[in-house]
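S.K.:
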Amino acid sequence: MVKPKRRYVCAACGSVSFRWQGQCADCGEWNTLAEEAPATVFSSKHNLSSGGRPVVFEALDDETKPLQRRLSGIAEFDRALGGGIVPGSAILMGGDPGIGKSTLLLQAAAKLALSGQAAVYISGEEAAGQVRLRADRLGLAKAPIRLAAASSVRDILTTLNSMEPPALLVIDSIQTMHSDQIEGAPGTVSQVRASAFELIRYAKENGVALVLVGHVTKDGSIAGPRVLEHMVDVVLSFEGERSHQYRILRSLKNRFGPVDEIGVFAMEGAGLTEVGNPSTLFLSGREQPIAGSAVFPAMEGTRPVLVEIQALIVRLASGATPRRAVVGWDSGRMAMLLAVLEARCGLNFSSAEVYLNIAGGYRLSDPAADVAVAAALVSALADRPLPGDSVWFGEVSLAGEVRQVAHSSLRLRESAKLGFGRAFGPPDGNGGGTRGGGGKSYGALAMLPNLVDRIMGGE
Ligand code: TYD
Ligand code: MG
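First residue of the sequence shown? That's 1 in the numbering used here, and the numbers climb one at a time after it.
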């Protein structure tokens, strides 16, 4: 038998090398390589083509029991999961330190426990006293959660196997867990993988919903190998700016429901509160319309969220290179829009500094934001406020056409609900007449110059 080679795996990106190095050759992180137990080398004599048990094939239309979901009682949490917690599912929750993962999961566990379902919360990061203090602060000290500070997977599973399986098991965090079957410190790739594997197996066998908290690296991916994301059924990411109040729970992968669903929360003195109507959160206090501000009905999964886009244009006297800065949107996309506005509409931004900001610390990725950004830019350039009750949406092509986008009617309905009676966007298939969605008046913009005329014309 060939002597297995030593393998070193990077804890940040999961790449394998056969020699220890101080710096990972793939991702450039320092001191992340750790030796991994060698893989068994199979010889071709022992291949897998015989000696197994037959596998039973099934038809796709065979009976399956419908998914049962348990409601945690925190509607925004259930929504991000696609409608509740599926028993036996493994959920990975990532997020920056201090964003509120432990707080949210403690609240969810407490809600379940208070509704009579058993919830176990294992903390490998904080002492039980610290968790209890947090529960106190959240007003949850009376919730019958089973709380423990532990990090040995063997101890945890031995204990769990000696009791009735709970409805929910929270492991905070997977990077602190330790399996004594594998060498290496907690947090290394092989430890994380082995610990997660054992915990997930317990969850599947016992119908327990398992939530693993995962640390996030500097670039925003969940630390440890990508394999962790493959092992679980659901990957959630808890996001937000620590300096802002709001938090978004986003589902990045869901074997039991739609992805891109979000739950919105606000971090307050007594923990996370649900924000049922996120649009009110992102619209800054709008008393009087000001130039350079446009409201955009964005879509988050299947959910419309109104956000405010702010543009500021400062004319430069000298020939210095003007600055362009974007917060919350793609700067390449803004450069493209500026170019289209110059080439197709004859506007001149070349000697001006352009700043773009999405209010509330929100990050936009919806392509339909083009029209709203263009409206904010043109309004700032012309120093003309947009109508206070208007929303803007649509995708802009390089030729300057305004393209149809998904979910127009949902966007319009949400806008009308919040008192925005005028909408400007792409013409629909029928030439832009009435809309099913409830925008009281709808301005169809076929081309970007139409938008400029609207704003410059003062309408
Ligand atoms: P935490 O849940 O510990 O974050 P994570 O587990 O993601 O690292 O949240 C910590 C932050 O939340 C901390 O900076 C204080 C803040 N916080 C509140 O503002 N209100 C509260 O009620 C609680 C419990 C925390
Ligand atoms: Mg924590």
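Beta carbons: idealized from backbone N, C-alpha and C, even for Gly.
With a Cβ-Cβ cutoff of 9 Å, do PRO304 and ALA298 count as a contact?
M.R.: Within the sequence shown, numbered from 1, the residue matching residue 304 stands at position 304. Within the sequence shown, numbered from 1, the residue matching residue 298 stands at position 298. Closer than 9 Å, so yes.
S.K.: Within 10 angstroms of its Cβ, does PHE424 collect 16 or more other Cβ (buried), or is it exposed?
M.R.: Here the question's residue 424 lines up with position 424 in the sequence shown. Per the 10 Å Cβ criterion, buried.
S.K.: If contact is defined by three or more beta carbon pairs under 8 Å, each pair taking one atom from either stretch, is the region 254-267 in contact with the region 115-125?
M.R.: Touching, no.
S.K.: Should ASP172 be counted as a contact of the ligand TYD given a C-beta to heavy atom distance under 8 Å?
M.R.: Indexing the sequence shown from 1 puts residue 172 at position 172. Yes, the ligand TYD has a heavy atom inside 8 Å of this Cβ.
S.K.: Would you report the Cα separation of TYR355 and LEU347, rounded to the nearest angstrom?
M.R.: Residue numbering aside, residue 355 sits at position 355 when the sequence shown is read from its first letter. Residue numbering aside, residue 347 sits at position 347 when the sequence shown is read from its first letter. Rounded to whole angstroms, TYR355 to LEU347 spans 16 Å at the Cα level.
S.K.: Just how far apart, CA to CA, sit GLY98 and SER251?
M.R.: Working through the sequence shown from its first residue, we reach residue 98 at position 98. Working through the sequence shown from its first residue, we reach residue 251 at position 251. If I take the Cα positions, the gap works out to 19 Å.
S.K.: Use the C-beta contact count for GLU268: other C-beta atoms within 10 angstroms, 16 or more gives buried, fewer gives exposed.
M.R.: As a first step, residue 268 must be located in the sequence shown, where it is residue number 268. Answer is exposed; the Cβ neighbour count stays below 16.
S.K.: Could you please give the first and the last residue of the uninterrupted alpha helix (DSSP H) stretch that includes PHE424?
M.R.: On the sequence shown, position 424 is the one that residue 424 refers to. Run containing PHE424: none in the alpha helix (DSSP H); it sits in the beta strand (DSSP E), 422-425.
S.K.: Do the CB positions of VAL208 and ALA266 come within less than 9 Å of each other?
M.R.: Working through the sequence shown from its first residue, we reach residue 208 at position 208. Working through the sequence shown from its first residue, we reach residue 266 at position 266. Contact flag unset, no.
S.K.: What ranges does the beta strand (DSSP E) occupy inside the region 184-257, keeping only unbroken runs of at least 3 residues that lie completely in it?
M.R.: Correct list: 209-214, 234-239 and 246-254.
S.K.: Can you name the start and end residues of the alpha helix (DSSP H) that CYS10 belongs to?
M.R.: In the sequence shown, the residue the question calls residue 10 occupies position 10. That residue, CYS10, is in no alpha helix (DSSP H); its beta strand (DSSP E) goes 7-10.
S.K.: Taking 8 Å as the cut-off, does the CB of PHE238 come closer than this to any heavy atom belonging to the ligand TYD?
M.R.: As a first step, residue 238 is located in the sequence shown; it is residue number 238 there, counting from the start. Result yes, Cβ under 8 Å from the ligand TYD.
S.K.: Give me, in chain order, the residues of the same chain whose beta-carbon lies closer than 8 Å to that of LEU316; leave out the 5 immediate sequence neighbours on both sides.
M.R.: In the sequence shown, residue 316 corresponds to position 316, counting from 1. Excluding positions up to five away in sequence, the list reads PRO322, SER351, ALA352 and GLU353.
S.K.: Starting from the N-terminal side, write out each stretch of the alpha helix (DSSP H) that is 4 residues or longer and does not extend beyond the region 352-411.
M.R.: The qualifying runs are 369-382.
S.K.: Measuring only the C-alpha atoms, how far is VAL196 from THR188?
M.R.: Translated into positions along the sequence shown, residue 196 becomes position 196. Translated into positions along the sequence shown, residue 188 becomes position 188. Residue identity differs from the one stated: residue 196 is Ala in this sequence, not Val. Each residue's Cα considered, the two are about 12 Å apart.
S.K.: Using a threshold of 8 Å, is the CB atom of GLY184 nearer than that to any non-hydrogen atom of the ligand TYD?
M.R.: Working through the sequence shown from its first residue, we reach residue 184 at position 184. The answer is no for GLY184.
S.K.: Decide if HIS215 is buried, meaning its Cβ has at least 16 other Cβ atoms within 10 Å, or exposed.
M.R.: Counting from one through the sequence shown, the residue named residue 215 turns up at place 215. By the 10 Å Cβ count, HIS215 comes out buried.
S.K.: For ASP136, does the count of other Cβ atoms within 10 angstroms reach 16, so buried, or fall short, so exposed?
M.R.: Position 136 of the sequence shown, counting from 1, holds the residue named residue 136. Counting Cβ neighbours within 10 Å, ASP136 comes out exposed, since fewer than 16 surround it.
S.K.: Between MET336, GLY360, VAL211 and ALA143, which has its C-alpha nearest HIS244's C-alpha?
M.R.: For this step, residue 244 is matched to residue 244 along the sequence shown. It is GLY360.
S.K.: With a cut-off of 8 Å on the beta carbons, I'd call VAL9 and SER190 a contact; round off their distance for me.
M.R.: On the sequence shown, position 9 is the one that residue 9 refers to. On the sequence shown, position 190 is the one that residue 190 refers to. Confirmed, about 7 Å.
S.K.: Between ASP457 and ALA311, what straight-line distance do the alpha-carbon atoms span, to the nearest angstrom?
M.R.: Taking the sequence shown and counting its residues from 1, the one referred to as residue 457 is at position 457. Taking the sequence shown and counting its residues from 1, the one referred to as residue 311 is at position 311. Here residue 457 is Gly; the residue named in the question, Asp, does not match the sequence. Looking at the two C-alpha atoms, the distance is approximately 19 Å.
S.K.: Relative to the alpha-carbon of ALA128, which residue among ALA108, SER102 and VAL153 has its alpha-carbon at the smallest distance?
M.R.: Here residue 128 corresponds to residue number 128 of the sequence shown, with the count starting at 1. The candidate whose alpha carbon is nearest that of ALA128 is SER102.
S.K.: Helix, strand or coil for VAL170 per DSSP?
M.R.: As a position in the sequence shown, residue 170 is number 170, starting the count at 1. Reduced to three states, the DSSP call for VAL170 is strand.
S.K.: Return yes when at least one heavy atom of the ligand MG lies under 8 Å from the C-beta of SER102, else no.
M.R.: Along the sequence shown, one-based indexing puts residue 102 at 102. For the ligand MG, at least one heavy atom lies less than 8 Å from the Cβ of SER102.
S.K.: How long is the line joining the alpha carbons of LYS204 and ALA108, rounded to whole angstroms?
M.R.: As a working note, residue 204 is residue 204 in the sequence shown. As a working note, residue 108 is residue 108 in the sequence shown. Computed Cα separation, rounded: 20 Å.
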